[in-house]
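Keeping their order, the protein sequence lines are chains A and B. So the first sequence is numbered by our numbering: it starts at 1 and just counts up by one. So the second sequence is numbered by our numbering: it starts at 1001 and just counts up by one. Glycine included, every Cβ here is placed at the ideal spot set by N, Cα and C. Shown next, in structure tokens, is the structure this report addresses.
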Amino acid sequence: MILSRESRRLRRRKMEERIFRALMAVSILIVIGCLVLIVGTIIWKGLPAMSLSMITQIPKGGYYLGKEGGILNAIIGSLYLASGATVLAILFSLPVVLYINVYTKKRSRLASLTRFSFDVLWGIPSIVYGAFGFIIMVFFGLRASLLAGILAVALLEFPIMSRAADEVIRMVPRELLEASYSLGATRLETALKVVVRQCLPGLLTAVLIAFGRGIGDAASVLFTAGFTDRIPTSLLEPAATLPLAIFFQLGTPFPEVQQRAYASAAILTVLILIISLVARGLGKRYTRHIIK
Amino acid sequence: MEIRPHLSVQNLNVYFDQLRILKDVSIDIPDHKITVIIGPSGCGKTTLLKSLNRLLDPLDGVRVEGRVLVDNVDIYDPRTEVTEVRKKMGLLSQRPQPLPMSIYDNVAYGPRIHNHVDKKRLGEVVEQYLRMAGLWEEVKDRLGEPASRLSVGQQQRLCLARGLAVGPEIILGDEPTSALDPQSSQNVERRLIELKEEYTVIVVTHILRQAKRIADYIAFLYLGELVEHGPAAEVFANPRDPRMRAYLTGEIS
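Structure (structure tokens):
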């Protein structure tokens, strides 16, 4: 009697295990499936328009929507813009995150307020950053330009980078900080020489996530960066971007141009992939000293 | 003539929020001796140790009253530079905490930030302190390797070398052997005994046998109160306080 009750219990537990495992497998399949479908669609639809001239030439034959030439203007524009914005975001993000983790106590109001702000800023849609960037731009008497675009995208990237970096730095054990303090190090020395080193791979990921969001975002650059067929030569000139190029190309009634949109999307995806791989490769060199 | 010890605790009270962790602790730590702080867990041993180099500062809700004099300077005086206080003390924590850098850089960390060693001599200095910590022979061919690759026992000796390289007068050990295997523990104990020639050593331990092996001077804490302190031989042979006696016989632990 007892035995059978126990064996029934065991059967039920095994059943639960199987159901949950199946559910997880399905979820993973959906995630991977989405990735494959998206990348597949982009490549499938974009492949006919793909050519070397796509990445080596600027558009030809018709403003914005040329059927010939390439999108070098948007590639270069996007790289300039996202790099500038990422550097700017790091300059603000890193000090803030180091401050709330190294300089304030665990229960600090300021730190929790800052974290709350990250969460709020994180949730603001990018079109709002675009609109806000536009207001700043007008306030300073700028025109739609690379600089204005960089400012708007930096605003967008800041909370993304900060939140991800904060998550990583919070994991640093207190004892490690104490070890540095006990050697007579100041908080700044501890932050830069110990915390940043210990968190380098995580910080790199934070920067990459932010960069990826920045380079792929269309709404924040819509009003601020403008669009042009030329490659910008100064911060005050307008700059084309890949997301906007895709947006404009898709919006045309011409199938050839729409095809080019998919090719542009494929280029953007590959670009992000290359940058991630390079950054990770560089990051690997610095992981060997990390204390686990 | 009274000799002033260079570390003296006077009427120290430490509160965590409303909780009083240390109650009116006063003790002169004898120079060039190993003082061992013993007592049951949770009695404030680590708090007392950390109060000596102001490692309590970054914690939430901590309030410190009283004075800790190092070379007759109150380290809790707002005018006292905290990094100078900490420079005078090397700390060994419960688990060794190597810094995320190479073996060499770990030892060079202190000399570099305090800039008290000529750059050309840095290599010699690193070697000197690694030798003092008894680690040189084991690591001399792999100074560039990450410190995290050392065994835990080696890491603790590395932390010792790193602390010594700052040029302290006092060595603080917070149960420095609790994470180590018996052999490494013995090794660390031996180093501490060697080092008392030049340094004042204060060690927290919950292992009574360890206290008996290394202590010259004993401080017994019970529920935040310094119940008894004195030369180790006297205290162990003739404990005056009944609580001390109970602790020695294992009735409280």
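Beta carbon proximity, residue i to chain A, threshold 9 Å
{"i": "B:Met1001", "result": "Model confidence at B:Met1001 stands at a pLDDT of 39, short of 50, so the residue's coordinates are unreliable and nothing is read from them."}
{"i": "B:Asp1060", "result": "yes"}
{"i": "B:Ile1113", "result": "yes"}
{"i": "B:Pro1100", "result": "yes"}
{"i": "B:Val1166", "result": "yes"}
{"i": "B:Met1089", "result": "yes"}
{"i": "B:Pro1146", "result": "yes"}
{"i": "B:Arg1055", "result": "Correcting the residue type first, residue 1055 of chain B is Leu in the shown sequence and not Arg. For B:Leu1055, the answer is yes, since a Cβ of chain A falls inside 9 Å of its Cβ."}
{"i": "B:Gln1156", "result": "no"}
{"i": "B:Gln1128", "result": "no"}
{"i": "B:Leu1007", "result": "no"}
{"i": "B:Arg1086", "result": "yes"}
{"i": "B:Thr1083", "result": "yes"}
{"i": "B:Tyr1217", "result": "no"}
{"i": "B:Ser1151", "result": "no"}
{"i": "B:Leu1172", "result": "yes"}
{"i": "B:Gln1186", "result": "no"}
{"i": "B:Arg1142", "result": "no"}
{"i": "B:Gly1044", "result": "no"}
{"i": "B:Gln1097", "result": "yes"}
{"i": "B:Arg1020", "result": "no"}
{"i": "B:Ser1093", "result": "yes"}
{"i": "B:Arg983", "result": "Residue 983 of chain B lies beyond the range of chain B shown here (1001 to 1253); nothing can be said about it."}
{"i": "B:Tyr1109", "result": "yes"}
{"i": "B:Arg1079", "result": "no"}
{"i": "B:Leu1063", "result": "The question names Leu, yet the displayed sequence has Arg at residue 1063 of chain B. Taking Cβ atoms only, chain A never reaches closer than 9 Å to B:Arg1063, which makes this a no."}
{"i": "B:Arg1191", "result": "no"}
Cβ shell of residue i (< 6 Å), same chain only, five flanking positions each side left out
{"i": "A:Leu200", "result": "Tyr286"}
{"i": "B:Arg1095", "result": "Ala1179"}
{"i": "B:Arg1245", "result": "Pro1239"}
{"i": "A:Ile231", "result": "Asn73, Ile76"}
Residue i at chain B interface by Cβ criterion, 9 Å
{"i": "A:Leu176", "result": "yes"}
{"i": "A:Tyr262", "result": "no"}
{"i": "A:Thr205", "result": "no"}
{"i": "A:Arg115", "result": "no"}
{"i": "A:Ile291", "result": "yes"}
{"i": "A:Gly283", "result": "no"}
{"i": "A:Glu167", "result": "no"}
{"i": "A:Tyr181", "result": "yes"}
Limits of the beta strand (DSSP E) - the one that residue i falls within
{"i": "B:Val1227", "result": "1225–1231"}
{"i": "B:Ser1262", "result": "Chain B is shown only over 1001 to 1253; residue 1262 of chain B falls outside these bounds and no answer can be derived."}
{"i": "B:Leu1208", "result": "From DSSP, B:Leu1208 is part of no beta strand (DSSP E) but of the alpha helix (DSSP H) over 1208–1214."}
{"i": "B:Arg1067", "result": "1062–1070"}
{"i": "A:Ile215", "result": "No beta strand (DSSP E) holds A:Ile215; the alpha helix (DSSP H) holding it covers 196–216."}
{"i": "B:Lys1023", "result": "1019–1029"}
{"i": "B:Leu1091", "result": "1089–1092"}
{"i": "B:Phe1220", "result": "1217–1222"}
{"i": "B:Val1201", "result": "1200–1204"}
Endpoints, the alpha helix (DSSP H) within which residue i is located
{"i": "A:Tyr262", "result": "255–284"}
{"i": "B:Gln1010", "result": "Where B:Gln1010 is concerned, there is no enclosing alpha helix (DSSP H), although the beta strand (DSSP E) it sits in stretches over 1007–1016."}
{"i": "B:Tyr1109", "result": "1103–1114"}
{"i": "A:Asp166", "result": "146–170"}
{"i": "A:Leu250", "result": "242–250"}
{"i": "B:Gly1167", "result": "No alpha helix (DSSP H) holds B:Gly1167; DSSP gives it neither H nor E."}
{"i": "B:Thr1035", "result": "Note, B:Thr1035: premise wrong, no alpha helix (DSSP H); beta strand (DSSP E) at 1034–1038."}
{"i": "A:Leu47", "result": "It is not in any alpha helix (DSSP H) - A:Leu47 carries neither H nor E in the DSSP assignment."}
{"i": "A:Ser220", "result": "219–222"}
Cut-off 8 Å between Cβ atoms - residues of its own chain near residue i, not counting five sequence neighbours on either side
{"i": "B:Gln1156", "result": "Leu1092, Pro1096, Pro1176, Thr1177, Ala1179, Leu1180, Ser1184, Val1188"}
{"i": "B:Met1001", "result": "Only weak support exists for where B:Met1001 lies, its pLDDT of 39 falling under 50; the value from the coordinates is given anyway. So the list is empty, once near-sequence residues are dropped."}
{"i": "B:Asp1074", "result": "Arg1067, Val1068, Thr1080"}
{"i": "A:Leu10", "result": "none"}
CB-CB length for residue i against residue j, believed under 8 Å
{"i": "A:Ala263", "j": "A:Ala49", "result": "4 Å"}
{"i": "A:Leu147", "j": "A:Leu235", "result": "4 Å"}
{"i": "B:Val1201", "j": "B:Thr1046", "result": "Contact doesn't hold; Cβ gap of about 16 Å is too wide."}
{"i": "A:Arg115", "j": "A:Asp166", "result": "7 Å"}
{"i": "B:Val1064", "j": "B:Tyr1076", "result": "6 Å"}
{"i": "A:Val196", "j": "A:Leu176", "result": "Rounded, the Cβ-Cβ distance is 12 Å, inconsistent with contact."}
Cβ shell of residue i (< 7 Å), same chain only, five flanking positions each side left out
{"i": "A:Val207", "result": "Thr86, Ile90, Met161"}
{"i": "A:Leu222", "result": "Gly130, Leu244"}
{"i": "B:Lys1212", "result": "Phe1236"}
{"i": "B:Leu1164", "result": "Gly1090, Tyr1129, Met1132, Ala1133"}
{"i": "A:Ala210", "result": "Thr86, Ala89, Glu157, Ile160, Met161"}
{"i": "A:Val153", "result": "Leu81, Ala82, Ala85, Gly214, Asp217, Ser220, Val221"}
State whether the segment 1006–1021 of chain B contacts the segment 277–292 of chain A, with contact taken as three or more CB pairs (one from each stretch) at a distance under 8 Å. no
Quick check: the segment 22–38 of chain A against the segment 241–248 of chain A, are there 3 or more CB pairs under 8 Å? no
Between the segment 1047–1066 of chain B and the segment 133–146 of chain A, do at least 3 Cβ pairs fall closer than 8 Å? no
Any chance the segment 1014–1028 of chain B sits against the segment 1222–1232 of chain B, with 3 or more Cβ pairs inside 8 Å? yes
Evaluate contact between the segment 174–187 of chain A and the segment 254–269 of chain A, counting only Cβ atoms and requiring at least three cross-stretch pairs below 8 Å. Contact check between the segment 174–187 of chain A and the segment 254–269 of chain A: fewer than three CB pairs, one atom from each, fall below 8 Å, which does not count as touching.
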